[in-house]
Amino acid sequence: MGEFIGLSIAGLSLGAIYAIAASGLVVTYTTSGVFNFAHGAVGMLMAFLYWQLRVQDHWSAPAALVLTLLVAAPALGLVLERGLISRLNVNDTGTMLIVTVAVMVALMGIAYVIWPPSIGRLLPMFFGPNGHVSVDGELVSYEELISIGLAIATALGLRLFFHNTRTGVAMRGVVDDRQLMAMNGRSPQVLNALSWMIGAGFGALAGILTASTYSLDVINLTLLILNAFAAAMLGRLRNLPLTFVGAVVLGLADAYVTGYVRLTGWLVELVPVLPTLFLFIVLLALPAVRLRAGRAAVSKAIHVPSAGASLRNGVVLVVVAALIAPFMHGIALGNVNEGAALGIGALSIVLLSGYGGQLSFAQYAFFGFGAWLFRVLGHGGNPWALLVAAGAGALIGALMALPALRLRGLELALSTLAFGTLAWYMFLSQPQIIGGGDVTIPRLHLPGLSLQNDRVNLVFLAVVFALLSAGVLAIRRSRFGRILVATRDSDTACATLGLNLRLTKVALFALASAIATFGGAIYGSTQMIVTNTDFEYVSSLFIVLIVYVWGISTPGGALAGGMSLALAPLVEVHIPVRFQALTYFMTGLGALTILATPEGIVPLVSERLRRLNPLIGLRSRHTRDMSVGNEQLLARVEVSRATPADA
Amino acid sequence: MPLLQTREVTVRFGGVRALDSVSLSADAGVVTGLIGPNGAGKTTLFNVVTGLQAPTSGHVLIDGANVTGYPVHRRARLGIARTFQRLELFGSLTVRENIQTAAEIHQLGSRRRSDVGALTDSILDRVGLDRYAGAAAHTLPTGLARLTELGRALATEPRLLLLDEPGSGLNSAESEQFARLLASLAAEGTAILLVEHDMDLVMQACETIHVLDFGLLVTSGTPDEVRADARVQLAYLGQSDTVSTQAGS
Ligand SMILES: Nc1ncnc2c1ncn2[C@@H]1O[C@H](COP(=O)(O)OP(=O)(O)OP(=O)(O)O)[C@@H](O)[C@H]1O
Ligand SMILES: [Mg+2]
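Protein chains in written order, with the working numbering: chain A, 1 to 647; chain B, 648 to 896.
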């Protein structure tokens with residue numbers, strides 16, 4: 001009995017932390033319509049700030065709490081909302097997700113630079129080690145009780161706020177009817193900012209509670225978001241009571257499974273994925289999202305090279321690779337190979353997100369799956385294993401998409417993250433797969449051509465990338481490609497024209513997953529030694545982010561993205577340890593260039609080049625008319641609109 | 648039998664009754680008007696007919712068959728096409744590609760293989776967009792964007808065409824041209840349901856007009872009957888100066 005009570009209280013206390021974190025997410029989402037991926041990172045940063053004040057600077061707990069919860073956190077929320085979020089289109093779920101992921105990464109970078117992870121940090125418990133009561137012989141710490149108490153206070157406080165104050169009532173309604181609220185004298189801007197300040201406050205509280213009950217760790221605190229998100233999803237990010245129910249269920253499940261169930265074999269890692277599993281089940285049980293009109297996000301046309309141009313670019317790439325390969329050696333050669341392999345896999349992101357407008361945060365699961373398949377099937381580097389990998393990837397991709405099809409945008413993207421997380425813990429990390437330390441993978445062997453030499457392999461990768469890019473561009477120019485872009489611009493319009501969106505999405509996910517898995521097999525063959533940490537699920541967020549920055553709609557963006565990921569360590573060794581985390585910071589900050597150039601850096605640069613080069617300019621005058629001369633076009637339109645009246 | 652019938656369609660959004668037991672119809676070969684002040688429920692009715700909005704109660708019949716439970720794309724395959732009041736263009740495609748893609752989507756669902764290129768060209772010509780065929784859709788001014796949406800709808804060779812304020816953004820000459828286009832489409836047997844605030848256009852183009860106000864069907868009749876109806880005058884009075892003066896003119 002004592003054990004049961006102890007476990008229950010531990011579970012409730014964990015659930016209480018989830019509930020507080022999730023409340024912040026819900027408040028922000030309900031009012032501003034934005035899912036804040038950086039919510040956990042905000043809490044993490046505030047927990048570190050609290051540690052700084054409390055432990056380093058010897059502040060009293062109440063003073064440190066007041067400063068972090070009531071001053072610093074709301075200020076950070078305000079800065080994020082005013083400085084960033086309010087400048088974006090709420091309906092553009094993709095960009096919103098990417099930008100908040102970028103903020104998350106940047107905040108992690110800040111934390112790493114200010115509080116280097118090389119030093120262990122402990123947050124003192126609020127009531128010291130002796131602060132506990134005994135229940136039936138089980139020790140229950142005040143810490144756990146205080147979390148529960150705070151969660152109850154949060155629930156009651158938010159209930160009062162949302163139902164009994166005018167501001168609260170307005171905040172509940174603002175998403176659906178901004179104009180109405182404006183008429184009532186509540187400015188949506190003020191309400192949005194307020195919702196971010198409150199959200200950040202709850203994030204900070206959850207962060208500090210987690211840090212003092214469990215541990216002060218950048219990654220763990222940042223990813224608290226995923227567990228809180230699972231709870232919030234039960235109420236579809238809007239319903240606080242259901243969110244609390246979800247949080248308590250998660251907390252208790254964690255405690256009971258840990259306490260009562262002996263987990264063996266494939267299930268050893270079950271506890272950390274319980275929230276993800278819960279999320280997956282909730283997503284599957286949600287009613288289908290309805291299509292809505294009037295929400296289309298404006299996207300710009302991006303130049304699509306002709307078949308000839310894409311082949312020319314491919315030849316140039318291969319020639320460049322052949323020219324530089326002989327001069328490369330050692331680690332740099334290995335990393336460039338790795339970057340090329342990642343670039344091949346990242347072409348899946350161009351197809352899926354760039355053309356199709358769907359975000360998937362599970363790419364590394366497919367990379368890992370492909371690498372493992374090549375290990376199992378690619379005896380002697382058998383090239384047929386690559387095709388089998390692509391086929392198997394298509395199948396798994398379709399299976400992943402099937403249950404998610406009823407979902408759109410945010411929910412679909414997050415269900416892929418859940419899938420990626422599950423795949424990493426429950427599959428890739430298993431010792432039978434690639435979880436048991438280093439595993440070796442054969443290098444691909446083409447008939448009559450050995451790729452054992454990394455220089456030869458690099459040229460080969462360039463050829464593969466060039467061919468696959470040409471293929472992806474051919475898809476873009478095909479009927480299927482146009483339909484993909486059309487669904488990205490307005491899936492509602494596509495449906496009213498007779499398109500079966502679910503079938504289209506399954507086809508898209510299958511195709512993209514085939515490319516990702518193929519890329520993973522190539523990656524495995526290139527690396528020859530991998531571990532499960534090469535395919536960590538968090539990396540899926542990074543690669544999407546980086547490809548987005550370089551240009552999600554162009555193969556060039558995929559290659560640049562893959563190279564950035566693989567070459568970053570080469571740069572890192574040249575900077576002091578303390579600042580190595582700057583790459584996080586720079587990545588996050590770099591990703592915010594999306595604000596200035598939503599299309600990405602590669603299209604921007606190539607557009608400039610096209611304008612500079614008169615030869616190319618002449619050849620593609622027709623396409624330039626379409627994509628560049630908007631101002632001229634508008635001027636012409638105005639003129640011609642005037643003419644019928646004159647005539 | 649009318650091509651489209653709604654039977655006592657009601658849609659509630661929380662406390663708001665956007666549509667209240669609305670029964671109306673649209674015939675093949677006829678331009679039918681659907682008018683009413685802002686918030687009357689016109690767009691909501693279009694959403695119910697196309698399947699974007701499930702009615703709280705009531706039915707939608709096409710050729711007398713109940714299609715209320717059909718998903719959006721299946722209704723489109725029955726020959727329903729629409730334009731949107733708040734534009735839903737494929738912004739990153741060109742005007743031509745917008746229409747071409749619609750035709751291609753339509754082809755996916757039917758066994759007939761017609762020449763998409765030729766169809767696209769003829770539609771561009773018909774809606775008067777041939778000069779802008781290569782322009783990216785997101786750069787278009789509203790009037791041309793609405794025409795592009797019309798062209799896109801036509802690419803599915805619809806039997807029932809729902810137009811949600813297609814005339815806003817057109818100048819008077821274009822508006823007259825547009826009325827002629829509607830007449831020629833109707834002459835080919837298409838049923839057209841037209842939501843429009845420009846009363847001149849409505850009165851000129853429509854054979855029958857349904858009037859909605861606060862979700863209720865106020866009256867139905869010919870343009871002259873509707874113009875004379877006291878309840879219509881009342882519905883519009885004070886609601887919108889332009890509409891009431893135009894309706895009275
Ligand atoms: N998705 C929705 N959620 C809540 N209320 C809605 C929704 N869509 C429409 N409404 C409400 O339903 C009523 C009818 O709206 P609808 O858009 O159908 O009117 P309308 O006749 O098209 O008006 P307008 O001439 O301004 O386009 C309005 O009161 C509107 O606020
Ligand atoms: Mg409307």
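Yeah, the Cβ is synthetic: ideal placement off N, Cα and C, and Gly gets one too. Predicted model only: the values in this text are computed from it and were never measured.
Distance from the Cα of A/G381 is smallest, within the candidate group A/A72, A/F327, A/H574 and A/I441, for A/I441.
Cβ-Cβ distances below 6 Å link B/M850 to P870 in the same chain, with the five nearest sequence neighbours on each side left out; the list follows chain order. The contact set of B/R759 on chain A, defined by CB atoms closer than 7 Å, is empty, because the minimum CB distance reaches about 13 Å.
Listed along chain A, the residues sitting closer than 7 Å to B/V719 by beta-carbon distance are L291, A495 and T496. At a cut-off of 6 Å, the beta-carbon of A/G33 does not count as near ligand 1: no heavy atom of the ligand is closer than that.
For B/L699, at least one C-beta of chain A is nearer than 7 Å to its own C-beta. In terms of Cα proximity to A/F419, the closest of A/V439, A/F361 and A/L386 is A/F361. Short note on B/G698: C-beta not closer than 6 Å to any heavy atom of ligand 1. One residue list follows from the rule of a beta carbon closer than 7 Å to any heavy atom of ligand 2, given in chain order as B/K689, B/T690, B/Q732, B/D811, B/E812 and B/V842. The distance from the Cβ of A/G562 to that of A/G343 is about 3 Å, consistent with a contact at the 8 Å cut-off. Distance from A/F278 to A/A155 at the Cβ level is roughly 20 Å; contact not present, criterion being Cβ atoms closer than 8 Å. Secondary structure note for B/V663: its beta strand (DSSP E) is the uninterrupted segment V663 to A673. Under the 8 Å Cβ criterion, the segment 47-66 of chain A does not count as touching the segment 268-275 of chain A, having fewer than three qualifying pairs.
Around the beta carbon of A/W372, a 10 Å sphere encloses 16 or more other beta carbons of the protein chains shown; the residue is thus reported as buried. In this structure, A/G207 sits near A/G43, with a CB-CB distance shorter than 7 Å.
Not one heavy atom of ligand 1 falls within 6 Å of the beta-carbon of B/F861. Taking one beta carbon from each stretch, the segment 9-23 of chain A and the segment 80-96 of chain A have fewer than 3 pairs nearer than 8 Å; the two do not touch. Residue pairing by DSSP places B/T866 opposite B/V858 in a beta bridge.
Ligand 1 has no heavy atom closer than 6 Å to the beta-carbon of A/A247. Rounded to the nearest angstrom, the Cβ distance from B/H720 to A/A495 is 5 Å, consistent with a contact under 8 Å. Contact between the segment 764-771 of chain B and the segment 792-804 of chain B is established, with three or more Cβ pairs separated by less than 8 Å. At a cut-off of 6 Å, the beta-carbon of B/N685 counts as near ligand 1: some heavy atom of the ligand is closer than that.
In this structure A/R611 is exposed. Its beta-carbon is surrounded by fewer than 16 other beta-carbon atoms within 10 angstroms. Distances between the C-beta of A/V271 and the heavy atoms of ligand 1 are all 6 Å or more. Of the heavy atoms belonging to ligand 1, at least one sits nearer than 6 Å to the Cβ of B/V663. Below the 9 Å Cβ cutoff, chain A contributes no neighbours of B/R659, its closest Cβ being approximately 15 Å away. According to DSSP, residue pairing for B/D811 in a beta bridge involves B/V842. Annotation: A/F126 is outside any alpha helix (DSSP H) and is labelled neither H nor E by DSSP. Taking a C-beta distance under 7 Å as the contact criterion, B/G798 and B/I770 qualify as a contact pair. Under the 10 Å beta carbon count, B/D762 is surrounded by fewer than 16 other beta carbons and is classified as exposed.
When CB distances to chain B are screened at a threshold of 8 Å, the residues of the segment 500-522 of chain A falling below it are N500 and L501, in chain order. Taking CB atoms only, A/R312 has no neighbour in chain B less than 7 Å away. Boundaries of the beta strand (DSSP E) harbouring B/I727: I727 to R729, taken from the DSSP string. Interface with chain A (7 Å Cβ-Cβ cutoff): B/I752 is included.
Secondary structure within the segment 319-353 of chain A: the alpha helix (DSSP H) runs of 4 or more consecutive residues, fully enclosed, are 330-349 (chain order). With fewer than 16 other Cβ atoms from the protein chains shown falling within 10 Å of its own Cβ, B/S819 counts as exposed.
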